[in-house]
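Scroll down for the structure; my scribbles are underneath it.
Protein chains in written order, with our numbering: chain A, 1 to 111; chain B, 1001 to 1112.
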């Protein structure tokens, strides 16, 4: 069974702090990894993707991938109340097949 | 640029009534298309996906069906809705391969 696991949260961080969101996946052959942000009542929007081991930075967001440990993370620096949302980790385990989504981690940034 | 349209945004239907949700993608050809459902406070459940016209894969057996009559059109249907069909329905597309998915705005369905 192909699975993506996330801590459901809620994860509460103070404004200005670093939020760290984690995700593990079951298929060692997975090739591409995505982070989506979903505000309450809205559809998911893509915020980061990563294909290679290491870190990838985009503004306040950093995605980290460790294929040996089958682990993906998302760091949000200088967290803002507007970052409060559910963050979904998604993994493409085999080409041209549907992404496998985790259940999401709810992040709450406290002003 | 590519855009995905999904309608209606909200829908309230009585139990036993039919359902038709439509999704279209613009600005690309031969996309992979997906229907997901998200129950309140839950994760995304893949319902159907299609890699081409007339090609539908079903992930979860239930009283829903999907069709792809045209390259960039994906329709979710039901002949008789159940209370348990309530949820947030999302259409998505990908280019195929190992690429990301892009979602429509979603349809909030309430079966009463």
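Just so you know, even glycine gets a beta-carbon here, dropped at the ideal spot from N, CA and C.
Collapsing the DSSP output to three states places residue 14 (chain A) in a strand.
For residue 55 (chain A), the enclosing beta strand (DSSP E) has its first and last residue at 54-58. Excluding residues up to 5 positions away in sequence, 1002, 1003, 1004, 1005 and 1072 lie with their Cβ nearer than 8 angstroms to the Cβ of residue 1026 (chain B) in the same chain. Selection A:34, A:62 and A:59 evaluated against residue 101 (chain A) yields A:34 as nearest (Cα-Cα). Per DSSP, the beta bridge partners of residue 64 (chain A) are A:55 and A:73.
Here the C-alpha atom of residue 2 (chain A) lies approximately 10 angstroms from the C-alpha atom of residue 99 (chain A). Pairwise C-beta distances place the segment 73-93 of chain A out of contact with the segment 1028-1037 of chain B, as fewer than three of them are shorter than 8 angstroms. By the criterion of a C-beta distance shorter than 6 angstroms, residue 1051 (chain B) is surrounded in its chain by 1032, once the five residues flanking it on both sides are discounted. According to the DSSP secondary-structure assignment, residue 1087 (chain B) is paired through a beta bridge with B:1109. Around the beta carbon of residue 19 (chain A), 16 or more other beta carbons lie within 10 angstroms, which makes this residue buried. Excluding its 5 nearest sequence neighbours in each direction, residue 38 (chain A) has C-beta neighbours in its own chain below 8 angstroms: 44, 45, 85, 86, 87, 88 and 104, listed in chain order. When the alpha-carbon of residue 1024 (chain B) is set against those of B:1018, B:1007, B:1108 and B:1055, the nearest one is in B:1007. In chain order, 1098, 1099 and 1100 make up the part of chain B whose C-beta sits under 8 angstroms from the C-beta of residue 32 (chain A). Counting of Cβ neighbours within 10 angstroms places residue 30 (chain A) among the buried residues, the total reaching 16 or more. The alpha-carbon of residue 1108 (chain B) is positioned some 10 angstroms away from that of residue 1038 (chain B). For residue 98 (chain A), the chain B residues whose C-beta falls within less than 7 angstroms of its own C-beta are 1034, 1046 and 1049, listed in chain order.
For the pair residue 1064 (chain B) and residue 1084 (chain B), the CB atoms are not nearer than the 8 angstroms cut-off.
Taken atom to atom, the span from the alpha-carbon of residue 65 (chain A) to that of residue 4 (chain A) is near 14 angstroms. Among the residues of the segment 39-58 of chain A, those with a Cβ less than 9 angstroms away from any Cβ of chain B are 41, 42, 43, 44, 45, 46, 49 and 51, in the order of the chain.
In this structure, DSSP gives residue 1078 (chain B) an extended state, which the three-state scheme calls strand.
Taking 8 angstroms as the CB threshold, residue 92 (chain A) lines the interface with chain B.
Residues 19, 79, 107, 108, 109 and 110 of the same chain have their beta carbon placed closer than 8 angstroms to that of residue 13 (chain A), with the five preceding and five following residues left out of the count.
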